[in-house]
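Chemist: Residues -19 to -1, 1 to 239 in mature numbering (1 follows the signal peptide of the UniProt record, and there is no 0) are what the sequence shown spells out, letter by letter. Once you've had a glance at the structure underneath, I'll fire off some questions.
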Amino acid sequence: MTKKLIVILLLFVTVLSGCKSSNVDKAGAIDAMNSDKIISNHYNRSFNFNTINARLKVTYDDGKKSVSPTVSLRMKKDEVIWISAKVLGITVAKAMLTPDKVTYYEKINNTYFDGSFKMIEEWLGTDLDFYKVQQMLLGQSMFDLRGEKFKASVQNENYKLQPKKELAHFDRLLLVQPASFKMALQGISQPKENRTLQIKYPTYQKVGNQYFPKEIYIKADQAEERTLITIEYRVVDFNPEISFPYNIPSGYEELTIK
């Protein structure tokens, strides 16, 4: 297991959908709207839940290899994100994220990682924490939009939010769907490092009065390398009783990132 796969495991934890739901219709003509109203609507549509239990199909392709594990995803709001990946019905990896810890193990090479988001941040050179991952799962912005000033425009039938003051060393792309006010696309780039990450939500579906991503496409570029991840959502149960079974097997080798 390489350092790169640590990030891939984090990216597996990306977006949920609801079952017994209908697709969200595309909006017609888009009404002009200022950035404050768009952001207010975005946060007013935040998903209200306690727990989630989901099964998803993930396809990973880095140009050298392609794998399609079946992933079980369980989540307790603001506390735990748990995943278990299977290939041909056999569990090959498990991961658990909390606000304080990132841990996973994989059975192919008998290795494990047990550390903090701070370690991941320092290695990636970018800000990443439990709550950003949780927001990605719900089709919400990874960034806190309420503390900044934005210019609003329309791009590709979505609202575009352009920061009036960009973060140091980072450029962001933020598109919001007008029908659901959930994210259509959120991206971050580091031009000096030749590194970009784009998370695209092609369609949403509605369950009750709430909106959830139906699928997600992730594209990560670094120098000449490109990683593509596609996620399909098969079954989702909201607010069930769930558990988070997780124990690192004895005899596994601990990984470190530098």
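Ideal placement from N, C-alpha and C gives every residue a C-beta, glycine not left out.
Identify which residue in K38, K88, Q115 has its Cα closest to the Cα of residue 279.
Modeler: What is shown of the chain runs -19 to 239, which leaves residue 279 out entirely.
Chemist: Mind reading off the beta-carbon distance from L126 to K141? Whole number of angstroms is fine, and I expect it under 8 Å.
Modeler: Taking the sequence shown and counting its residues from 1, the one referred to as residue 126 is at position 145. Taking the sequence shown and counting its residues from 1, the one referred to as residue 141 is at position 160. The pair is not a contact, with the Cβ atoms about 13 Å apart (cut-off 8 Å).
Chemist: Say whether the region 201 to 214 touches the region 29 to 43, bearing in mind that this needs 3 or more beta-carbon pairs closer than 8 Å, one atom from each stretch.
Modeler: The region 201 to 214 is in contact with the region 29 to 43.
Chemist: If you compare alpha carbons, which of D59, G128, N190 is closest to E147?
Modeler: Residue numbering aside, residue 147 sits at position 166 when the sequence shown is read from its first letter. When each option's Cα is compared against that of E147, the closest is G128.
Chemist: Is it buried or exposed, Q136, if we count other Cβ atoms within 10 angstroms and call 16 or more buried?
Modeler: Translated into the one-based positions of the sequence shown, residue 136 becomes position 155. Exposed: under 16 other Cβ atoms inside 10 Å.
Chemist: Go through its chain and collect everything with a Cβ distance to Y233's Cβ below 8 Å, but skip five positions before and after it.
Modeler: The residue you call residue 233 lines up with position 252 of the sequence shown. Excluding sequence neighbours, Y233 sits near Y86, N91, T92, Y93.
Chemist: State the CB to CB distance for the pair K161 and Y192, rounded to an integer number of angstroms; the pair is presumed to be in contact (CB under 8 Å).
Modeler: Locating residue 161 in the sequence shown gives position 180, where the first residue counts as 1. Locating residue 192 in the sequence shown gives position 211, where the first residue counts as 1. Reading off the sequence shown, one finds Ser at residue 161, where the question assumed Lys. With a Cβ gap of about 4 Å, S161 and Y192 count as contacting.
Chemist: Return yes when the Cβ of Y198 is within less than 8 Å of the Cβ of K163, no when it is not.
Modeler: In the sequence shown, residue 163 corresponds to position 182, counting from 1. In the sequence shown, residue 198 corresponds to position 217, counting from 1. No, they are not a contact pair.
Chemist: Are the CB atoms of V61 and F225 within a distance shorter than 8 Å?
Modeler: Here the question's residue 225 lines up with position 244 in the sequence shown. Here the question's residue 61 lines up with position 80 in the sequence shown. Yes, these two residues count as a Cβ contact at 8 Å.
Chemist: With a 10 Å radius around its C-beta and 16 neighbouring C-beta atoms as the bar for buried, classify R55 as buried or exposed.
Modeler: The residue given as residue 55 occupies position 74 in the sequence shown. Burial call: buried.
Chemist: Are the CB atoms of P194 and G120 nearer to each other than 8 Å?
Modeler: Here residue 194 refers to the residue found at position 213 of the sequence shown. Here residue 120 refers to the residue found at position 139 of the sequence shown. Yes, they are a contact pair.
Chemist: Have a look at N15 and K45 and give me their C-alpha separation to the nearest angstrom.
Modeler: By 1-based counting over the sequence shown, the position of residue 15 is 34. By 1-based counting over the sequence shown, the position of residue 45 is 64. Their Cα atoms are separated by approximately 44 Å.
Chemist: Near L178, which residues of its chain fall below 6 Å by C-beta distance, leaving aside the five closest residues on each side in sequence?
Modeler: For the purposes of this step, residue 178 is identified with residue 197 of the sequence shown, where counting begins at 1. Hits under 6 Å: I169, A201.
Chemist: What is the residue span of the alpha helix (DSSP H) that S65 lies within?
Modeler: By 1-based counting over the sequence shown, the position of residue 65 is 84. Run containing S65: none in the alpha helix (DSSP H); it sits in the beta strand (DSSP E), 61 to 68.
Chemist: Would you kindly report the start and end of the unbroken beta strand (DSSP E) that includes S170?
Modeler: In the sequence shown, residue 170 corresponds to position 189, counting from 1. Taken as a continuous stretch (DSSP letters only), the beta strand (DSSP E) holding S170 covers 164 to 171.
Chemist: What first and last residue would you give for the alpha helix (DSSP H) that runs through M117?
Modeler: Locating residue 117 in the sequence shown gives position 136, where the first residue counts as 1. Where M117 is concerned, the enclosing alpha helix (DSSP H) stretches over 111 to 118.
Chemist: Is it the case that the Cβ atoms of F124 and K145 are separated by a distance below 8 Å?
Modeler: Walking along the sequence shown from the start, residue 124 turns up at place 143. Walking along the sequence shown from the start, residue 145 turns up at place 164. No, they are not a contact pair.
Chemist: Taking the C-alpha atoms as reference points, what is the distance between P171 and L118?
Modeler: Taking the first residue of the sequence shown as 1, we reach residue 171 at position 190. Taking the first residue of the sequence shown as 1, we reach residue 118 at position 137. The identity of residue 171 in the sequence shown is Gln, whereas the question assumes Pro. Distance between the alpha carbons of Q171 and L118 is about 23 Å.
Chemist: Are V68 and P50 close, meaning C-beta to C-beta below 8 Å?
Modeler: Within the sequence shown, the letter at position 87 stands for residue 68. Within the sequence shown, the letter at position 69 stands for residue 50. Yes, Cβ-Cβ distance for V68 and P50 is below 8 Å.
Chemist: Hey, which unbroken runs of the alpha helix (DSSP H) at 4 residues or more fall wholly within the region 136 to 223?
Modeler: Those alpha helix (DSSP H) runs which fall completely within the region 136 to 223 and span 4+ residues do not exist here.
Chemist: Where does N228 land, buried or exposed, given buried means 16+ other C-beta within 10 angstroms?
Modeler: Start at 1 with the first residue of the sequence shown, and residue 228 comes out as number 247. It is exposed - the Cβ of N228 has fewer than 16 other Cβ atoms within 10 Å.
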